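There are 4 protein chains.
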Amino acid sequence: MSIAADISVYPALRVAVVGAGYWGPNLARNFAMSTEWELVAICDLDLERAQNLARKTGNPAVVGSLDELLADYDIDAVAIATPAHTHHKIAMQAITAGKHVVVEKPLADNSAHGTQMVQSAANAGTILMADHTYCYTPAVLKIRELLAAGELGELLYIDSTRINLGLVQPDVDVFWDLAPHDLSILDFVIPGGLNTRTVTALGSDPLHAGKSCVGYLSMELESGILAHINVNWLSPTKIRQMVIGGSKKTLVWDDLNPQQRLTVFDRGVDLDRQKMIRSDAEDRKGATISYRLGDTWSPALSEFEPLGLMISEFAASIRGSHRPPTDGLSALRVLKVLEAANDSLAQRSHGEQTNNSQTLVMENQR
Amino acid sequence: MSIAADISVYPALRVAVVGAGYWGPNLARNFAMSTEWELVAICDLDLERAQNLARKTGNPAVVGSLDELLADYDIDAVAIATPAHTHHKIAMQAITAGKHVVVEKPLADNSAHGTQMVQSAANAGTILMADHTYCYTPAVLKIRELLAAGELGELLYIDSTRINLGLVQPDVDVFWDLAPHDLSILDFVIPGGLNTRTVTALGSDPLHAGKSCVGYLSMELESGILAHINVNWLSPTKIRQMVIGGSKKTLVWDDLNPQQRLTVFDRGVDLDRQKMIRSDAEDRKGATISYRLGDTWSPALSEFEPLGLMISEFAASIRGSHRPPTDGLSALRVLKVLEAANDSLAQRSHGEQTNNSQTLVMENQR
Amino acid sequence: MSIAADISVYPALRVAVVGAGYWGPNLARNFAMSTEWELVAICDLDLERAQNLARKTGNPAVVGSLDELLADYDIDAVAIATPAHTHHKIAMQAITAGKHVVVEKPLADNSAHGTQMVQSAANAGTILMADHTYCYTPAVLKIRELLAAGELGELLYIDSTRINLGLVQPDVDVFWDLAPHDLSILDFVIPGGLNTRTVTALGSDPLHAGKSCVGYLSMELESGILAHINVNWLSPTKIRQMVIGGSKKTLVWDDLNPQQRLTVFDRGVDLDRQKMIRSDAEDRKGATISYRLGDTWSPALSEFEPLGLMISEFAASIRGSHRPPTDGLSALRVLKVLEAANDSLAQRSHGEQTNNSQTLVMENQR
Amino acid sequence: MSIAADISVYPALRVAVVGAGYWGPNLARNFAMSTEWELVAICDLDLERAQNLARKTGNPAVVGSLDELLADYDIDAVAIATPAHTHHKIAMQAITAGKHVVVEKPLADNSAHGTQMVQSAANAGTILMADHTYCYTPAVLKIRELLAAGELGELLYIDSTRINLGLVQPDVDVFWDLAPHDLSILDFVIPGGLNTRTVTALGSDPLHAGKSCVGYLSMELESGILAHINVNWLSPTKIRQMVIGGSKKTLVWDDLNPQQRLTVFDRGVDLDRQKMIRSDAEDRKGATISYRLGDTWSPALSEFEPLGLMISEFAASIRGSHRPPTDGLSALRVLKVLEAANDSLAQRSHGEQTNNSQTLVMENQR
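Residue numbers (my numbering), protein chains in the order written: chain A, 1 to 366; chain B, 1 to 366; chain C, 1 to 366; chain D, 1 to 366.
Set out below in structure tokens:
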């Protein structure tokens with residue numbers, strides 16, 4: 001599998017982390033611990049915050065502005081962990097300066113911005129990668145491996161639940177807050193990526209907070225099957241579960257069950273194909289389905305820090321071994337579904353008077 | 001609570017069970033055991049099947065036709081457990097003959113039929129009741145009691161999951177097979193019943209069986225909140241779970257956990273109302289939400305046979321103490337949502353070319 | 001595996017059930033449904049109870065005394081489901097009359113009685129079998145199969161928990177009430193049966209009920225490993241769990257988890273054997289143990305009525321295909337451990353003054 | 001409750017941490033973060049390890065010997081986190097120098113050493129405290145509170161399970177490795193502390209590692225009830241569960257279930273006391289027990305770092321507000337049970353030839 005990075009003989013790559021707030025420290029810590037990277041600088045408008053972070057990560061330089069960082073420091077790459085609406089501006093400046101860029105999720109605040117970032121990086125010949133951290137967890141890597149190997153057979157349905165008691169975010173609704181995780185994971189594990197025909201979103205704001213706090217996102221995938229995501233900030237029980245149903249086996253990922261995170265059910269459902277072939281359309285509707293109850297299997301998962309693997313993949317991509325598994329295009333597919341969900345919600349809201357459609361038919365995204 | 005039936009001093013009511021197939025034996029057995037009822041006859045076209053059932057239920061008469069039953073036997077009531085598409089005809093004949101009628105779910109195969117049954121029973125002054133058995137389980141009765149007492153505060157959202165590996169039914173899709181349970185329960189527990197503004201259904205037929213095998217049903221209730229139901233015949237894991245989120249508390253019903261079927265989380269989410277009052281619309285969007293982690297409580301549930309309570313309620317209704325909690329009107333509300341789901345699915349299917357709406361705006365159902 | 005019984009061409013064997021109380025109806029129902037058996041009579045001092053049971057099981061004869069049954073009815077076998085203290089007398093009479101006998105657990109009220117029954121049956125050339133029903137469940141049969149195949153490697157420890165809120169029995173303590181299940185299962189699944197070196201019992205009677213309501217039973221098996229059983233009538237949580245730890249794999253049987261009753265952990269613990277060989281005794285104590293985290297596997301289990309298989313095995317034994325897997329000797333081994341537990345408890349109670357041993361060294365039981 | 005420490009107006013107490021290995025960093029970090037403490041020095045023979053720790057904890061002094069620490073630094077207290085067999089020597093030296101001392105568990109490697117430490121501290125008028133960290137977790141504090149308030153009624157039994165796949169320790173067996181947690185918790189939560197009449201230990205060494213890897217420890221408490229602890233290094237499933245059964249309610253603590261760590265079952269078992277009073281001893285044995293199935297309740301638990309509370313309690317004790325809840329005497333009671341377990345194991349091992357007792361009758365420990 002292409003994910004595993006080789007420990008290389010190359011000299012360490014030089015990186016700066018921009019943003020020392022919530023996520024930046026995690027990135028900085030991992031860069032500091034890696035032999036493939038040298039953490040050169042922490043950049044933040046808040047110099048004290050940057051200084052505090054620098055102290056815990058081997059005392060890289062502390063820089064107060066992006067201009068200064070790009071002008072004065074010899075770096076190969078920039079890791080951006082600032083608020084989402086600033087990603088585009090910072091990334092574009094770094095790309096223009098010829099730097100490789102990894103961006104905290106979401107890639108950008110809209111797909112136009114994201115598209116521009118992808119194109120600029122392509123033009124500049126630099127790597128643009130999204131830090132979709134979940135994709136580098138042992139469980140998700142195993143899911144990707146199983147799907148790539150066709151272990152589940154044809155996919156039949158996907159159902160993901162990500163609910164908990166969460167603070168209402170000031171700037172985004174529950175879709176933009178939580179669904180990027182599910183969407184980036186789907187893009188990562190589905191062979192060929194997340195390509196949707198239609199997107200339907202249903203949101204609810206029972207607290208009158210001015211934004212959806214409960215959300216259901218349904219996607220008809222190119223293969224015709226339905227993928228469904230439930231996100232919810234108001235649930236007292238925390239659930240992180242994804243079910244991927246296949247014609248041969250079905251996989252359940254329960255991220256909150258450390259003793260059995262992944263379970264593969266060797267239980268298949270079959271139409272009586274013999275009958276179907278012989279019969280006309282009417283009969284086919286009556287075709288019986290049989291099911292088979294086989295063993296259940298839970299693969300052992302190794303343990304490592306996902307962020308460590310992510311930055312290792314970033315390094316490998318820069319050195320040309322392969323495109324990053326969560327590259328800019330992948331992140332763009334996620335953004336486009338989120339925008340389609342926005343549109344679906346807006347049309348529905350309009351539709352309460354006019355009864356128009358709330359389903360957004362997606363253009364081909366590739 | 002009005003559900004509990006008095007053991008009465010009345011003479012036993014006389015009942016016949018029509019249909020000795022899958023569900024009829026359960027009804028017959030409970031009528032036979034009840035002191036409020038006398039099981040007079042089993043009626044089935046298949047006389048041998050009827051005879052077998054009669055032997056196990058105290059040897060009531062065995063009758064081969066409904067005409068004969070209604071003409072020759074002195075009965076107060078008829079319990080119908082035949083295929084759904086025959087409910088209307090049998091019930092109408094029994095009502096016309098002045099009999100009280102209880103019908104296995106669904107009440108009828110469409111709402112026009114159901115409406116006619118309701119109206120005829122009203123005109124004839126007979127009781128028409130639906131055997132929504134789940135509503136008479138200890139867990140659902142307790143949920144109804146908690147909601148009636150306002151224990152959860154304002155309802156914020158409802159989410160129900162009913163999935164398992166199931167045989168594809170020859171005559172109905174997964175919505176009509178499984179969702180009547182959820183819908184009848186919702187109608188039973190929500191104060192005022194299940195009244196929907198809009199119904200959106202998304203179905204998927206990944207096996208090409210000619211009908212939905214995976215379904216999502218979303219309802220905007222009159223109160224504005226979203227109720228969501230997930231039904232699925234293709235899931236290797238069996239889940240029977242309903243979450244009812246309230247402004248004060250949230251309830252989780254896990255029907256497959258006999259040791260803790262109902263859990264009430266005293267965890268609330270609050271907008272900073274003070275801030276909201278002072279602020280204009282823009283600020284309100286930024287209002288912070290705080291949450292409170294309180295105790296969890298799981299009420300003890302008594303144990304009894306739901307069907308025994310159901311037929312006791314049927315008797316009490318006939319004797320005039322109160323309308324049955326799952327009367328014809330209740331069953332009709334369930335039918336109308338299922339029909340709206342049908343329409344939503346049909347429009348969606350059409351809409352894939354024309355991009356029309358798949359949401360059905362419901363007329364006021366009361 | 002020898003458990004599976006052949007559907008034979010023999011004429012049905014003729015059986016009478018003695019005792020129509022709690023367990024007799026289950027036996028009678030299964031005999032009545034079996035094509036290998038003909039249920040000839042129900043025998044009970046309480047003729048009305050016997051009559052009621054006969055009505056539900058195809059109307060066999062109803063007999064009020066054992067003498068009459070053995071004298072007047074042409075039967076091959078007797079199934080005894082009377083109180084434990086009557087097992088010996090009834091079984092001896094039936095064996096003397098040349099009948100094959102199956103006895104509800106426990107085989108007898110003490111091992112002297114049990115031994116006499118075993119010897120008499122051997123002398124008479126009749127089959128004596130114990131109805132250790134649990135042994136014929138799909139889960140236990142699978143455990144036996146896995147252990148017979150050496151799937152777990154060498155056994156390292158066994159731990160069984162059988163606790164719930166239960167009524168204090170008038171005639172037996174918690175050991176005699178619940179532990180026969182665990183003991184008969186262990187005898188059934190351990191290759192070679194349950195052979196113990198020492199038995200230690202610790203009981204507690206915190207309610208002053210005059211008998212142990214909480215019990216711990218530890219057995220040193222012939223192989224040197226420890227098997228431990230916890231039984232408890234006072235636990236508000238119900239647990240039915242057995243762990244069998246092996247050098248290669250470990251098996252967990254959770255009988256209350258229908259979705260994953262059996263789980264096999266491919267997780268081994270290894271001493272650094274290399275080091276052990278080279279080192280002297282002192283060093284050996286410091287030998288490090290490494291552990292391996294492998295996959296988890298849960299075998300599919302078929303579904304059938306255990307009692308149906310038990311009576312089928314009884315028939316096969318009578319017809320000479322093989323000894324019953326839960327024969328009199330097996331039941332005797334269970335009795336002897338229970339008696340050793342009694343002795344351990346008695347010595348302990350004495351020992352509080354005199355400080356004598358509470359561990360009973362078992363004579364060789366074979 | 002006496003556990004909650006007041007935020008005081010006293011100047012910070014001055015402390016040194018001795019031992020920078022596994023546990024020392026946790027202590028140092030908490031002292032460094034506390035406003036009640038000033039971390040003055042880290043003392044370790046391995047100066048580099050001490051230096052590394054000092055860098056992360058505000059750069060206290062780094063000292064290579066205890067003599068130097070006690071001679072040259074102005075400190076109030078010493079926190080000892082060195083190997084168990086060195087606790088006694090280090091603590092005695094610190095106590096002699098007039099320092100307050102907190103010691104990582106176990107207090108000492110044997111009870112004679114522990115007794116000497118307790119007496120010396122008493123003579124010197126200094127505080128001697130054991131770092132029984134578990135006792136300062138929200139769950140254990142809540143259990144203590146519930147038991148102190150008599151919420152469970154009379155205690156009936158206690159059962160604790162602490163099993164997982166663990167490395168065999170070079171210096172201690174599974175009892176000394178794991179049971180100190182259970183014992184210190186029991187001493188903390190049982191009103192009056194852990195006072196045992198007899199201790200019975202059964203150990204097993206199926207891997208021939210030279211020490212018990214599977215252990216069962218039963219204690220008859222002064223109240224006459226049984227407390228049972230199961231520890232196991234060879235279990236592929238990890239369990240951390242304690243059940244405390246009471247006459248009114250029963251408590252289950254499942255430390256691996258973050259969503260419902262504590263559950264209180266309002267389920268009681270009652271002997272028919274009326275009958276017992278009237279009846280003689282024989283009848284009493286037949287007294288029936290009834291049980292009641294009430295609600296289940298799971299209290300909300302606050303979240304904080306237990307070690308932070310522990311050092312806060314240490315400070316409060318020094319300032320004279322109250323004795324530390326896990327003082328030297330408490331730790332000594334734990335040591336004495338572990339030694340009694342040793343004796344029980346030794347006698348058992350001897351007893352296999354001579355059939356002597358393996359139960360150790362405890363002297364009164366207070």
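Using N, Cα and C, we set each Cβ at its ideal position, and we do this for glycine too. All values reported here derive from a predicted model rather than from experimental measurement.
Quick one: using the 10 Å Cβ neighbour count with 16 as the cut-off for buried, is residue i buried or exposed?
i, result
"Ser218 (chain C)", "buried"
"Asp74 (chain D)", "exposed"
"Ile277 (chain D)", "For Ile277 (chain D), the predicted structure reports a pLDDT of 42, less than 50, and the residue's modelled location is therefore unreliable. A value from the coordinates is still provided. It counts as exposed."
"Tyr22 (chain A)", "exposed"
"Pro325 (chain C)", "buried"
"Thr200 (chain D)", "buried"
"Leu45 (chain C)", "exposed"
"Asp280 (chain C)", "Caution applies to Asp280 (chain C), whose pLDDT of 41 falls short of 50 and renders its modelled position unreliable; the model cannot decide the point."
"Arg366 (chain A)", "Low confidence applies here, because Arg366 (chain A) scores a pLDDT of 38, under 50, leaving its location unreliable and the question unanswered by this model."
"Ser298 (chain D)", "buried"
"Leu226 (chain B)", "buried"
"Leu13 (chain A)", "buried"
"His113 (chain A)", "buried"
"Leu321 (chain D)", "With the sequence shown as reference, residue 321 (chain D) is identified as Ser, and Leu is not the correct amino acid for it. So Ser321 (chain D) counts as exposed."
Name the chain A residues that come within less than 7 angstroms of residue i, Cβ to Cβ?
i, result
"Leu293 (chain C)", "Ala300"
Contact defined as beta carbons within less than 8 angstroms: I believe residue i pairs with residue j. What is the distance between those atoms, to the nearest angstrom?
i, j, result
"Ile90 (chain D)", "Leu66 (chain D)", "6 angstroms"
"Val243 (chain D)", "Ser235 (chain C)", "7 angstroms"
"Leu214 (chain D)", "Ser204 (chain D)", "Just to set this straight, residue 214 (chain D) is Val in the shown sequence, not Leu. Yes, Val214 (chain D) and Ser204 (chain D) are in contact; Cβ-Cβ is about 4 angstroms, under 8 angstroms."
"Leu128 (chain A)", "Val334 (chain A)", "Incorrect: roughly 14 angstroms between the Cβ atoms, too far for contact."
"Ala130 (chain A)", "Lys99 (chain A)", "Between Lys99 (chain A) and Ala130 (chain A) the Cβ distance is about 16 angstroms, and since that is not below 8 angstroms, they are no contact."
Taking C-beta pairs closer than 8 angstroms, name the residues in chain D that residue i reaches, listed in chain order.
i, result
"Thr237 (chain A)", "Gln259"
Hey, quick one: how far does the alpha helix (DSSP H) through residue i stretch, first residue to last?
i, result
"Ser302 (chain A)", "Neither: Ser302 (chain A) is in no alpha helix (DSSP H) and is coded neither H nor E."
"Arg29 (chain D)", "24–33"
"Lys211 (chain A)", "Note, Lys211 (chain A): premise wrong, no alpha helix (DSSP H); not H, not E."
"Asn110 (chain B)", "Premise fails: Asn110 (chain B) is in no alpha helix (DSSP H) and is neither H nor E."
"Ser184 (chain B)", "174–189"
What residue range does the beta strand (DSSP E) around residue i cover?
i, result
"Thr86 (chain B)", "That residue, Thr86 (chain B), is in no beta strand (DSSP E); its alpha helix (DSSP H) goes 84–96."
"Asn232 (chain B)", "226–232"
Interface residues of chain D around residue i at Cβ under 9 angstroms?
i, result
"Trp297 (chain B)", "Asp295, Thr296, Trp297, Ser298"
Determine the chain C residues that contact residue i at a beta-carbon separation under 7 angstroms, and present them in chain order.
i, result
"Arg267 (chain D)", "Leu165, Pro236"
Closer than 7 angstroms by beta-carbon distance: list the chain D residues that pair up with residue i, in chain order.
i, result
"Leu226 (chain C)", "Leu202, Ser204, Val214"
Residues of chain B with CB closer than 8 angstroms to the CB of residue i, please, in chain order.
i, result
"Val243 (chain A)", "Ser235, Thr237"
Given 8 angstroms, three or more beta-carbon pairs between the stretch 22–34 of chain C and the stretch 304–315 of chain C: yes
Cβ contact (3+ pairs, closer than 8 angstroms) linking the stretch 150–166 of chain A and the stretch 240–247 of chain A: yes
At least 3 beta-carbon pairs within less than 8 angstroms: the stretch 327–345 of chain D vs the stretch 166–182 of chain D: yes
Contact between the stretch 129–145 of chain C and the stretch 194–206 of chain C (3+ Cβ pairs under 8 angstroms): no
At least three beta-carbon pairs within less than 8 angstroms, the stretch 155–169 of chain A to the stretch 118–135 of chain A: no
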